[in-house]
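>
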Amino acid sequence: MKKLILQIAVLIAVFFAVFTLSKQINWMKLFKVDKLTKSTEDKLGDLIWKSYSATITEETNYVVINAIDSIVNKICTANDIDSSTIKIHIIQKDEVNAFALPGNHLAIYTGLLQDCDNADEVAGVIAHELAHMQKNHVMKKLIKEIGMGAIISLTSGNSGTVSEILHLLTSSAYDRKLETEADITGVDYLMNAEINPEGLAQFLFRMATTEKDMPKAIYWISTHPESEERAKDIMARIRVSKKKNFTKSADQDWAIVKKELDKE
-4 MKKLILQIAV LIAVFFAVFT LSKQINWMKL FKVDKLTKST EDKLGDLIWK SYSATITEET
56 NYVVINAIDS IVNKICTAND IDSSTIKIHI IQKDEVNAFA LPGNHLAIYT GLLQDCDNAD
116 EVAGVIAHEL AHMQKNHVMK KLIKEIGMGA IISLTSGNSG TVSEILHLLT SSAYDRKLET
176 EADITGVDYL MNAEINPEGL AQFLFRMATT EKDMPKAIYW ISTHPESEER AKDIMARIRV
236 SKKKNFTKSA DQDWAIVKKE LDKE
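With my numbering, the residue at position 94 of the sequence shown is 89, and numbering never jumps.
In structure tokens, the structure reads:
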């Protein structure tokens, strides 16, 4: 009997030792996520976008397209990001939403553009999504949520996995750590581009007033929660930087862009 109890105790000890060790292992590094990203992310992104693009209509108004291109190029140039690698998609949907897909696909809904009061707010959202891309948050989120096997199966044409990933990236939140990193990095991107990052804070403060009774149309807030707290953190980051001289995020008059969108 004593021998049996001892064996059970040893098994329990081994279990907890293995469990504790597994928690300390950097699985992202162990399975070479960076290498996986470099070799497959573009293919993943293109597969997902091909599936999604069949269900939506992209914006064709050059006033709107050029305005967004101008903002993206300004942020990228100031932060040594190759803007030619950013695949911008402006989608004709009323929902307030923007999201990043694998392979540097950046999707922005016209509903979000119409909701923004000025170009600084739009630049803030774009900088935040660019930060998710540059920090590899998209792939980290996918691996955490659906696993390496599902991602690999997607490259073999598993349509069910495509739908699952698309839903995950467009309608579920990043964890708080990744969200905070994207906020901080996005603010730094904006300041480097001499764009006032208060635009992002103002957008979040305004969205926070609608969070409690949030209509389903405001998807960006549902995937980027705790808006008021994040806005306060952004303002604190700005104060610490002591940077005060900012130029407008783009030369175009944002009112003209919104007027073009209202025609549709």
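Built from N, CA and C at the ideal position, the CB exists for glycine as well.
The model shown is predicted, which means the values in this text are computed figures rather than measured ones.
Who are the near neighbours of Leu161 in its chain, counting only those whose CB is closer than 6 Å to its CB and skipping five residues on each side?
Answer for Leu161: Ile43 and Tyr47, listed in chain order.
> With a threshold of 8 Å, are at least 3 pairs of Cβ atoms found where one atom belongs to the region 225 to 245 and the other to the region 47 to 57?
No, because fewer than three Cβ pairs between the region 225 to 245 and the region 47 to 57 fall closer than 8 Å, the two stretches do not touch.
> Quick check: the Cα distance between Ile229 and Arg171, rounded to an integer number of angstroms?
Those two C-alpha atoms are separated by around 14 Å.
> Comparing C-alpha positions only, which one of Gln109, Ala122 and Asp77 sits nearest to Ala95?
If we check each option's Cα against that of Ala95, Ala122 comes out closest.
> Based on DSSP bridge pairs, tell me the residues matched to His123.
His123 pairs with nothing; no bridge assigned.
> Would the region 164 to 183 count as touching the region 133 to 152 if we require 3 or more Cβ pairs under 8 Å?
Touching, yes.
> Roughly how many angstroms separate the alpha carbons of Lys227 and Ala118, rounded to a whole number?
Cα-Cα distance, rounded: 18 Å.
> State the Cα-Cα distance for the pair Ala41 and Met186, rounded to the nearest angstrom.
One detail in the question is off: residue 41 reads as Asp in this sequence, not Ala. So the two alpha carbons sit approximately 31 Å from each other.
> Ordered along the chain, which non-local residues of its own chain (more than five positions away) have a Cβ less than 7 Å from that of Val58?
Correct list, in chain order: Ile251, Val252 and Glu255.
> How close, in whole Å, do the beta carbons of Ile63 and Ile86 come, if the pair is a contact with beta carbons under 8 Å?
About 11 Å separates the two Cβ atoms, so there is no contact after all.
> Going by the CB atoms, is the gap between Asn113 and Gly194 shorter than 9 Å?
Yes, the Cβ-Cβ distance between Gly194 and Asn113 is below 9 Å.
> Indicate the three-state DSSP secondary structure (helix, strand or coil) for Trp22 in the structure shown.
No answer about Trp22 holds up, because its pLDDT of 43 lies below 50 and its placement is not dependable.
> I'd like the list of long-range same chain contacts for Glu224, defined as Cβ closer than 7 Å, with 5 residues on each side in sequence excluded.
The answer is none, since no qualifying residue turns up.
> Looking at C-alpha atoms only, which residue of Leu125, Glu36 and Lys130 is the closest neighbour of Thr72?
For Thr72, the nearest C-alpha among the options comes from Leu125.
> Using CA coordinates, which residue listed in Ile179, Ile190, Lys258 and Ser148 is at the minimum distance from Thr35?
Checking every option, the nearest Cα to that of Thr35 belongs to Ser148.
> Helix or strand or just coil, what does DSSP make of Lys82?
Here Lys82 sits in strand by DSSP.
> Considering only residues of the same chain and omitting the five flanking positions on each side of Ile70, which have a CB-CB separation below 6 Å?
Cβ within range, chain order: Ala122, Tyr184 and Ala188.
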